[in-house]
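Presented below is the structure to which this report refers.
Number of protein chains: 2
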Amino acid sequence: MKAEVLCVGTELILGDTINTNAAYICRKLAKLGINCFFHTAVGDNPQRIAHSIDLAIKRADLLIVTGGLGPTDDDITMQAIAEFFKAELVFNEQAYEKIKNFFASRNREVPQKARKQAFFPEGSEVITNPTGTAPGIAWDVQGKHIIVLPGVPDELYIMWETFVENYLGKFSEYFIEKKFLKFFGIPEGSLGEKIKDLMACENPTVAPLVSEGQTNIRIAAKAKTKHEAGILIDKMQNEILSRAGEYLWGYDEDTLEKVVGSLLVSKGLTVSAAESCTGGLISSRLTDTPGSSGYIKMNIVAYSNEAKINTLGINAGLIKTYGAVSKQVAAQMAQNVRELAGTDIGLGITGIAGPTGATPQKPVGLVYIGLSDRSRTEVHKVNINPGFGRKTVKHRASSYALNYLRLFIK
Amino acid sequence: MKAEVLCVGTELILGDTINTNAAYICRKLAKLGINCFFHTAVGDNPQRIAHSIDLAIKRADLLIVTGGLGPTDDDITMQAIAEFFKAELVFNEQAYEKIKNFFASRNREVPQKARKQAFFPEGSEVITNPTGTAPGIAWDVQGKHIIVLPGVPDELYIMWETFVENYLGKFSEYFIEKKFLKFFGIPEGSLGEKIKDLMACENPTVAPLVSEGQTNIRIAAKAKTKHEAGILIDKMQNEILSRAGEYLWGYDEDTLEKVVGSLLVSKGLTVSAAESCTGGLISSRLTDTPGSSGYIKMNIVAYSNEAKINTLGINAGLIKTYGAVSKQVAAQMAQNVRELAGTDIGLGITGIAGPTGATPQKPVGLVYIGLSDRSRTEVHKVNINPGFGRKTVKHRASSYALNYLRLFIK
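Residue numbers (our numbering), protein chains in the order written: chain V, -6 to 403; chain X, -6 to 403.
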């Protein structure tokens, strides 16, 4: 079984909307073990929609079309599909009742145009839309399977879960299970060198992916049962970790802040941060995790030298001698915020986020990260590529800090 | 001139990566007045890449390909393109020097595989990648224009801005200018009612867009010159602002934090924030703007009651009587952080980010925002829809706070 995804909407090809539906559908298809080799986006144009359907059904057995089911004149997907397969659009009384109920439940009059959304190609099965007015269809026609869904993501997700998932179950011949291994501190190229031979495997497949300065490895296994796929993944994971395990920090949906949070909880530790160049981002990321009030008590963003001296109690002489962006100041920031907040661990970070503020000795992207507990203080120096701009420097600096914090706790 | 976008990467058709590059490129093409009717995503498979190129160059004059330029074995885009057009891949010494410099500047050894990224189809022009190792190409071949760029979004953006934008300028037949008006505090429906008649216009077009809880209006005008398009936009903008101008806070790439920053600079004011439920996000957003060290001195994330009392000096009795999430505590947080940091304005924010911590009287999403200067203190109460989860509650709370700060400064 081969599938294709066709997303219809002029907003997609004008770039005003990012095509998240294609990714959602492909993820779901992969999990069902249904191969999808192409997805295409096209505007609300009948000829180009017909051309795209024609291409897709020559390459695939199952076509999933999204978008263009609205009530307005530029929504023409259902007509274009019916025309392509030379079928009549027929009025569906039951579907129209549901549309009318939708408006009634919101105390709104039924717009005249809404009736259009109750016409479907003859022989197709209507898929109910529980949260909107545009129903979809599942249609077996000319030896192909066609599924049509609205373009509004939230409506599409619910219809997928309540109907499509089950409907496609019968086409699923095997399971695809995936696992993501997440690494920090090793570039894609070096990681690639270590697992070069594994990347040639056909099942499971192994692929490195770069995202926000971090390198992940995706393992994808295909098997008759979920259990068999799991065994294939476990075996490959062990092999990869035997070669690069020291850089691994998490799996799948893990974030650095979640992993750090879990570690803190499991060890019963608390942490506080004194941030300069990251401006509150580390604090914000740490508090993104529900329950973080259990291990975060207070953080200070000491942006000015004055704040560093007055509130954090950094030695003014230290700043004068070594500069605010220095190993010495990072260490003292970590020590002092720990004492001030009364936490087990203190984190201090100071650096140059750019685009200004650099000197020949201290370029944009230079960051010092201090970590301190009752018995020891350590400082790490990091050079972040300044080319991506201030926000990325801030984000990567916060990721380095969270990763060093993770290692410090361990 | 017709263009097409072809995005290469198995992660795209597995749905592991959302195709943001297609939207970026289409937006840029629309601005240049270059029509793009299709975009396609395909995996790292030589036959399917060749098939997609074949289709695209039959339909279009300009093909923009992204992804699959990495150093690893599954990155085959450059080879697939060269093969399709029956060209040799030739080694480019200069490009390789830049790749070597990239690693040298990071004190890293050059991986063996990196050499692969210095091979390009004979006759193509190399596009330098200022922030990564994968150069792109611009290639006029068989009467078509082919542009190839890496799939890493940040690298692609910089290469587009430094090279492609200019390169494509010659193909631009007319201008499409867009302007986004950004509103806060008015729902899409109410804004839509006010401009209903304008939304029927054909040139410029007017469309409301909702993003992250804010409502924007896009005005798009098409004309022979940039100047003419600008006049059309100005006229429409004036009409819209005459109807809903009081909710407008910015334009285009403006962010609330940038607008607030500019206001602070123009009035010579400084600000400090004491955050509870937003956990540092307001501070981080304010410091995303270059030059923010001019008006941000210090911020405090007082997450625990202890921190509120000890560091911020909040009256313990106040917390006991009214609770930490209260009008009274928000007001005192604003007043005290202002004094502590010695700034002109103080902002205090306290609320329930969820998913836990709610009481019948204080639901998740309840937020109090205090603002204080030498002469006055005000507090705003906001109820944020908790259905979107903790991170969204945090983000919307920070947007409300920045918007109230903007109005307070004005």
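Note that CB positions come from ideal geometry on N, CA and C, so glycine has one too.
Chain V residues whose Cβ lies nearer than 7 Å to that of residue i
{"i": "X:Glu164", "result": "The question names Glu, but residue 164 of chain X in the sequence shown is Phe. Near X:Phe164 there are no residues of chain V at all, since even the closest Cβ is about 17 Å away, more than 7 Å."}
{"i": "X:Gly159", "result": "According to the sequence provided, residue 159 of chain X is Asn. The question's Gly does not apply to it. Those within 7 Å of X:Asn159 in chain V number zero; the least Cβ separation is about 19 Å."}
{"i": "X:Thr13", "result": "Ile11"}
{"i": "X:Ala267", "result": "The premise fails here: X:Ala267 is roughly 10 Å from chain V at the closest Cβ pair, so nothing lies under 7 Å."}
{"i": "X:Val145", "result": "Val203"}
{"i": "X:Pro104", "result": "Gly182, Ser183 and Glu186"}
Rounded C-alpha distance that separates residue i from residue j
{"i": "X:Asp190", "j": "X:Leu274", "result": "39 Å"}
{"i": "X:Ser407", "j": "V:Val318", "result": "This structure does not reach residue 407 of chain X, given that chain X is present from -6 up to 403, and the question cannot be answered."}
{"i": "V:Thr124", "j": "X:Leu48", "result": "38 Å"}
{"i": "V:Asn298", "j": "X:Ala351", "result": "38 Å"}
{"i": "V:Pro146", "j": "V:Asn14", "result": "6 Å"}
{"i": "V:Ile342", "j": "X:Asn122", "result": "30 Å"}
{"i": "V:Glu186", "j": "V:Thr282", "result": "35 Å"}
{"i": "V:Glu118", "j": "X:Arg101", "result": "59 Å"}
{"i": "V:Gln87", "j": "V:Lys106", "result": "17 Å"}
{"i": "X:Arg108", "j": "X:Tyr89", "result": "7 Å"}
{"i": "V:Glu(-3)", "j": "V:Thr218", "result": "24 Å"}
{"i": "V:Ile210", "j": "X:Thr349", "result": "34 Å"}
{"i": "V:Val252", "j": "V:Arg399", "result": "8 Å"}
{"i": "X:Ile74", "j": "X:Val134", "result": "11 Å"}
{"i": "V:Asn94", "j": "X:Trp132", "result": "57 Å"}
{"i": "V:His32", "j": "X:Ile6", "result": "7 Å"}
{"i": "X:Ile377", "j": "X:Lys387", "result": "9 Å"}
{"i": "V:Ser276", "j": "V:Lys355", "result": "25 Å"}
{"i": "V:Glu250", "j": "V:Arg278", "result": "6 Å"}
{"i": "X:Lys290", "j": "V:Ser368", "result": "31 Å"}
{"i": "V:Val103", "j": "X:Pro379", "result": "30 Å"}
{"i": "V:Ile46", "j": "V:Ala111", "result": "22 Å"}
Closer than 9 Å at the beta carbon, the chain X residues around residue i
{"i": "V:Cys194", "result": "Per Cβ cutoff of 9 Å: no residues; V:Cys194 is ~11 Å from chain X at best."}
{"i": "V:Lys384", "result": "Asp281"}
Under 9 Å from the C-beta of residue i: neighbouring residues of chain V
{"i": "X:Asp337", "result": "Per Cβ cutoff of 9 Å: no residues; X:Asp337 is ~14 Å from chain V at best."}
{"i": "X:Ile293", "result": "Met291, Asn292, Ile293, Val294 and Thr304"}
{"i": "X:Gly363", "result": "Those do not exist, as X:Gly363 stays about 18 Å from chain V at its closest Cβ, beyond 9 Å."}
{"i": "X:Gly63", "result": "Glu181, Gly182, Gly185, Pro201 and Val203"}
{"i": "X:Ala107", "result": "Gly182"}
Chain X contact residues for residue i, given Cβ-Cβ distances below 7 Å
{"i": "V:Asp67", "result": "Within 7 Å Cβ-Cβ: nothing; V:Asp67 doesn't reach chain X, min ~12 Å."}
{"i": "V:Asn378", "result": "Thr124"}
{"i": "V:Ala23", "result": "Leu7 and Gly8"}
{"i": "V:Phe381", "result": "Thr124 and Asp147"}
Cβ distance (whole Å) where residue i is taken to contact residue j below 8 Å
{"i": "V:Gly272", "j": "X:Thr280", "result": "3 Å"}
{"i": "V:Gly8", "j": "X:Ala23", "result": "6 Å"}
{"i": "X:Ile302", "j": "X:Ala267", "result": "X:Ile302 to X:Ala267, Cβ: 12 Å. No contact."}
{"i": "X:Ile307", "j": "X:Asn329", "result": "7 Å"}
{"i": "V:Ala97", "j": "V:Tyr167", "result": "With a Cβ gap of about 45 Å, V:Ala97 and V:Tyr167 do not count as contacting."}
{"i": "X:Ala390", "j": "X:Cys270", "result": "6 Å"}
{"i": "X:Val264", "j": "X:Leu333", "result": "Actually they do not touch by this definition, with Cβ atoms about 13 Å apart."}
Listed by chain order, chain X residues near residue i by CB distance under 8 Å
{"i": "V:Leu174", "result": "Within 8 Å Cβ-Cβ: nothing; V:Leu174 doesn't reach chain X, min ~13 Å."}
{"i": "V:Leu333", "result": "Thr304"}
{"i": "V:Thr349", "result": "Pro283 and Gly284"}
{"i": "V:Arg41", "result": "Phe30 and Phe31"}
Per-residue contacts from residue i into chain V (C-beta, under 8 Å)
{"i": "X:Pro197", "result": "Under the 8 Å cutoff, chain V gives no residues; its nearest Cβ is about 14 Å from X:Pro197."}
{"i": "X:Tyr17", "result": "Gly8"}
{"i": "X:Ala300", "result": "Lys290, Met291 and Ala334"}
Subject >> Any 3 or more C-beta pairs closer than 8 Å across the segment 242 to 254 of chain X and the segment 174 to 194 of chain X >> reply: yes
Subject >> Any 3 or more C-beta pairs closer than 8 Å across the segment 8 to 24 of chain X and the segment 61 to 70 of chain X >> reply: no
**OP:** Identify each residue in the segment 270 to 287 of chain X for which the Cβ-Cβ distance to at least one residue of chain V is less than 9 Å, and report them in chain order.
**Re:** So the list reads Cys270, Thr271, Gly272, Gly273, Leu274, Ile275, Ser276, Ser277, Arg278, Leu279, Thr280, Asp281, Thr282, Pro283, Gly284, Ser285 and Ser286, given in the order they occur along the chain.
Original post:
Just checking, does the segment 132 to 151 of chain V make contact with the segment 215 to 233 of chain V on the three C-beta pairs under 8 Å criterion?
Top reply: Flag = no, the segment 132 to 151 of chain V and the segment 215 to 233 of chain V do not touch.
**OP:** Evaluate the contact criterion for the segment 135 to 142 of chain V versus the segment 52 to 59 of chain V: three or more CB pairs, one atom per stretch, below 8 Å.
**Re:** The segment 135 to 142 of chain V is in contact with the segment 52 to 59 of chain V.
Original post:
If we count Cβ pairs, one from each stretch, closer than 8 Å, do we get three or more for the segment 388 to 399 of chain X versus the segment 361 to 377 of chain X?
Top reply: yes
Original post:
Should the segment 229 to 236 of chain X be called in touch with the segment 223 to 240 of chain V, which here means at least 3 C-beta pairs below 8 Å?
Top reply: no
**OP:** Would you list, in chain order, the members of the segment 28 to 39 of chain V that have their beta-carbon closer than 8 Å to a beta-carbon of chain X?
**Re:** Against chain X - using a Cβ distance shorter than 8 Å - the residues of the segment 28 to 39 of chain V are Cys29, Phe30, Phe31, His32, Thr33, Ala34, Val35, Gly36 and Asn38.
Subject >> Members of the segment 74 to 92 of chain V near chain X, C-beta cut-off 7 Å >> reply: none
**OP:** With 9 Å as the C-beta to C-beta threshold (strictly closer), list the residues of the segment 177 to 190 of chain X near chain V in chain order.
**Re:** none
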